[in-house]
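According to the numbering used here, the sequence shown is numbered sequentially starting from 116. Have a look at the structure below before the remarks.
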Amino acid sequence: MFFNKPCSTISTMDLRMFLSVYGKDKQASTVNGYITYLKCFFGWLQNEEYIIKNPAAKLAFTKVPKVILQGYQADNLERLRASCITPKEKVFFELMESTACRISEISNITLESINWAEKSIKVTGKGNKQRIVYFSTKAKLHMEEYLRIRKGESNYLFLSDHAPYQPIKTRALQLILKRIQKRSGVDERVHCHKFRRTQATYLLNSGMSLPGVQRILGHESPETTQRYAQLTQENLKNEYKRLVI
């Protein structure tokens, strides 16, 4: 319907009709993906002088509604914690819960990156940028126990349970969390990134500044961190009364 004509004769209206049909019932982000592809393709045609005018140039991106990212419900978080059995599971859970690290950052933790006195870890995030994150006393105690019984001489924190005791990757950590969820019986969707949401929400509700949480999470833009800013209704009421009443 839309492609039975030469590219040089395709108009902006043709592309809008295409988007209205193929973008029906699609999320705004998906439609924006279509628009990006069209702009790139027809921009390339114009640069290569296959067409004189770019029909996609006037296409406007759809406004994507800002969604507050949800963390774990408190009772489910405790059920997951109670379902950790092995020292490795306990370390993994407490680090995910307290550091707000990405799972790839957790899997790459080395022993030399841990500052036991400060209860901090130097992690390498996106773009090979390093930052300092902090872990809880619970995480410290479980790490000490895990390292006492862990086999293998690797400098990485998390190793496989069987010889040759190699560092484990993100997929293995994801499977650990899946086992924990299965034992807990938690119906809520459980995944590693949700720990970041939970901790970010907790820190913001506890009074940490947005720039502070941004640094903990390793976000480039404060707008990304803002998506985690979910004040509880009680905190919202207290903030209002403090300022207005």
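Quick reminder that beta carbons are idealized off the backbone N, C-alpha and C, glycines included. Fair warning: this is a prediction, and the values are worked out from it, not measured in the lab.
*Under the DSSP definition of a beta bridge, which residues are partnered with V392?*
Outside the modelled stretch of the chain, which goes from 116 to 360, sits residue 392, for which no answer is possible.
*Within 10 angstroms of its Cβ, does F208 collect 16 or more other Cβ (buried), or is it exposed?*
It counts as buried.
*Using three-state DSSP, classify P170 as helix, strand or coil.*
coil
*Using the C-alpha atoms, what's the distance from D129 back to Y187?*
Looking at the two C-alpha atoms, the distance is approximately 45 Å.
*May I have the straight-line CA-CA distance separating K244 from H257, to the nearest angstrom?*
27 Å
*Are P170 and F157 closer than 8 Å when you measure CB to CB?*
yes
*Give the single residue among S126, T124, Y149, I125 whose Cα lies nearest to the Cα of V136.*
Selection S126, T124, Y149, I125 evaluated against V136 yields Y149 as nearest (Cα-Cα).
_Local Cβ density within 10 Å of G242, reported as buried at 16 or more and exposed below that_ = Residue environment: G242 is assigned as exposed (fewer than 16 neighbouring CB atoms within 10 Å of its CB, all protein chains considered).
*Selection from K178, V179, E212 that minimises the alpha carbon distance to A377*: It is not possible to answer for residue 377, since the shown part of the chain is limited to 116 through 360.
_Quick check on K203: buried or exposed, where buried means 16 or more other Cβ atoms within 10 Å of its Cβ?_
buried
*Assess, as a yes-or-no matter, whether the segment 260-276 is touched by the segment 307-322 under the definition of 3 or more beta carbon pairs within less than 8 Å.*
no
_Buried versus exposed, by CB contacts within 10 Å (16 or more), K205_ = buried
*Which one of L274, S235, F250 has the shortest CA to CA distance from I291?*
Selected option, being the one with the closest Cα: L274.
*With DSSP collapsed to three states, give me the class of N119.*
coil
*Using a Cβ-Cβ cut-off of 8 Å, state whether R311 counts as contacting chain B.*
Here chain B cannot be found, since the structure has a single protein chain.
*Considering only residues of the same chain and omitting the five flanking positions on each side of I218, which have a CB-CB separation below 6 Å?*
T285, L288, C307
*Among L195, Q161, W159, which residue has its Cα nearest to the Cα of R298?*
L195
*DSSP state of Y271 mapped onto helix, strand, coil*: Under the three-state reduction of DSSP output, Y271 falls in the strand class.
_Cutting at 8 Å between CB atoms, please list the residues of its own chain near I167, excluding the five before and the five after it._
S123, Q161
*Other residues of its chain near S198: CB distance less than 7 Å, five sequence neighbours each side excluded*: I295, R298, S299
*Select from Y271, K141, E233, A215 the residue whose C-alpha is nearest the C-alpha of I224.*
Y271
*Could you tell me how far apart the beta carbons of Y249 and S235 are, in whole angstroms, since I believe they sit closer than 8 Å?*
5 Å
_With distance defined between alpha-carbon atoms, name the residue in E227, D302, Y152, P337 nearest to A315._
P337
_Per-residue burial, L332 [other beta carbons within 10 Å of its own, 16 or more giving buried]_ = buried
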